[in-house]
Amino acid sequence: MRILVEAYGCTLNRGEADEFIDGLVEAGHEPVVSQEDAEAFVIFTCGVIDTTERRMLRKIGEFSKEPEKPLLVCGCLSNICPDKIRKIAPHAMLFGPSEQINALKSLGAEWRPNKTARNGAVGILPIATGCKGSCTYCVTRNARGALKSRTPKDLRQRLGALVNSGAAEIQLCAQDSAVYGADLGIGLGELIGTLESVNGDFMMRIGMMNPSGVKTNSDNILAAYGSHKVFKFLHLPVQSGSDSVLERMGRRYTVEDFSNIVREFRSRFPGLTLSTDIIVGFPGETDDEFLESMKLMRAAKPDIINITRFSSRPGTGAHTMKPKIISRKIKDRSKIMTDLRFELTGENYRDMAGMAVRALATERKVPGTTLLRTPEYKPVVVDGEAELGKWHSVEITGNARAYLSGILNDTSD
């Protein structure tokens, strides 16, 4: 059967979709990329904010116009708003984030370890689902439930298969990588110790870690980052620079905690890439509280700021919080923070012009160019098609808004 599989949202969701596709291929199905060629549809959905939910429902509605073709709706939205899905697609089969095995069985397939790099030399490796948090704004916690970690033995097998398929950048992903293994009595350090022994020339990127989990498990996590197989990339979502807002969010850490973590990581791993997240317009956020977020960003100088406008999600504590911030003000704050984001990125990258670096070729984002990553996970774009999965010598020539520009100085190392 020819099956179209589309995935939206976080890296974890896309990694689970890749695993799903591997199961389909093992069963003899053929993945296709166009709706016209498909005999069945599978969509891995995201419902983190209301605009994403509406986009997912529109897509499901498109697929439902061909009711003779099986439609599987997987991922978070199946648990967040099943009634809305059934209203627009009565024939759809719904499977939550923990039900991929059942979804595969409905198509005569079985679950298989993720073993194919489907995005250049990048392979996605989900290490856990669920989390230990209780953030008042988060609907994903309702959809995915409590923390459930995969074992190091299982993940080592999956990693080996990805590397053998050509993956050189392995993206370890979870809702909160900092608490990986808490349900197994281990931590991220033990996992990395197991994974780094896999044969092959690859690097691992550790995914998002909440400050509360890093604070609790700092020694174990720092040990993990000490591995020569780990990119020095820290995704640490602070969400607000105001302690009062963080308390209303239920985030379980302070601005000082965040700053201390950043300081410690930078002292251990100079030049690391820092990524963080900010929510603007959380209920009750005053102008002064927003300015505190701006102040923190100027002090922390992250390379990446992922900015989200607050979205009130039914079933969360923040849904009933007041006062709500008017949409115009939220939009204005988002623009101000976005301008700061690119200002800081430019400042961080400007001094790198003229530097010679080693970088791993991972993807071809635009035809005729190659994206490479330094050991600190700095993005470098060069003209030409550098061999993927190999290390190259690159001279940094400048920067755009969100990446460095460079030229290749050799074929490959």
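Using the working numbering, read the sequence shown as starting at 25 and increasing by one per residue. Ideal Cβ placement from N, Cα and C applies to all residues, glycine included.
Buried or exposed by the 16-neighbour rule on C-beta atoms within 10 Å, applied to residue i
| i | result |
| --- | --- |
| Ile230 | buried |
| Ala323 | exposed |
| Ile216 | buried |
| Val390 | exposed |
| Lys355 | exposed |
| Arg357 | buried |
| Ser436 | Here the model assigns Ser436 a pLDDT of 48, short of 50, so the residue's position is not dependable and the matter cannot be decided. |
| His53 | buried |
| Phe366 | exposed |
| Ser58 | exposed |
| His115 | exposed |
| Pro338 | exposed |
| Ala113 | buried |
| Asp312 | exposed |
| Glu271 | exposed |
CB contact flag (residue i, residue j, <8 Å)
| i | j | result |
| --- | --- | --- |
| Lys256 | Phe293 | yes |
| Gly308 | Met345 | yes |
| Val146 | Ala191 | yes |
| Ala198 | Asn234 | no |
| Ala133 | Leu48 | yes |
| Gly120 | Ala167 | yes |
| Gly408 | Thr421 | no |
| Leu212 | Leu260 | no |
| Ser251 | Glu214 | no |
| Leu258 | Met321 | no |
| Ile382 | Ser336 | Strictly speaking, residue 382 in this sequence is Arg, with Ile absent from that position. No, the pair does not count as a contact, with Cβ atoms beyond the cut-off. |
| Ser264 | Phe306 | yes |
| Lys68 | Phe87 | Inspection of the sequence shows that residue 68 is occupied by Phe rather than by Lys. Taking 8 Å as the Cβ cut-off, Phe68 and Phe87 do not qualify as a contacting pair. |
| Gly39 | Ile148 | yes |
Helix, strand or coil at residue i [DSSP, three-state]
| i | result |
| --- | --- |
| Gln263 | strand |
| Ala324 | helix |
| Ser436 | Any reading at Ser436 needs caution, since the residue's pLDDT is 48, under 50, leaving its predicted position unreliable; the model's value is listed next. Here Ser436 sits in coil by DSSP. |
| Thr76 | helix |
| Gln181 | helix |
| Leu296 | coil |
| Glu30 | strand |
| Pro55 | strand |
| Val390 | coil |
| Tyr373 | helix |
| Gly274 | coil |
| Ser201 | helix |
| Gly378 | coil |
| Gly99 | strand |
| Thr310 | coil |
| Thr340 | coil |
| Pro91 | coil |
Bridge partners - residue i, DSSP secondary structure assignment
| i | result |
| --- | --- |
| His416 | Ala383 |
| Pro403 | Arg397 |
| Thr332 | Ile303 |
| Ser429 | Val405 and Gly422 |
| Ala64 | Ile27 |
| Glu193 | Val146 and Met227 |
| Thr69 | Gly99 |
**OP:** Give, in chain order, every unbroken run of the alpha helix (DSSP H) that is at least 4 residues long and sits entirely within the region 109-174.
**Re:** 124-129 and 164-168
Original post:
Fully enclosed by the region 204-265, which alpha helix (DSSP H) runs are 4 residues long or longer?
Top reply: 212-219, 235-240 and 242-249
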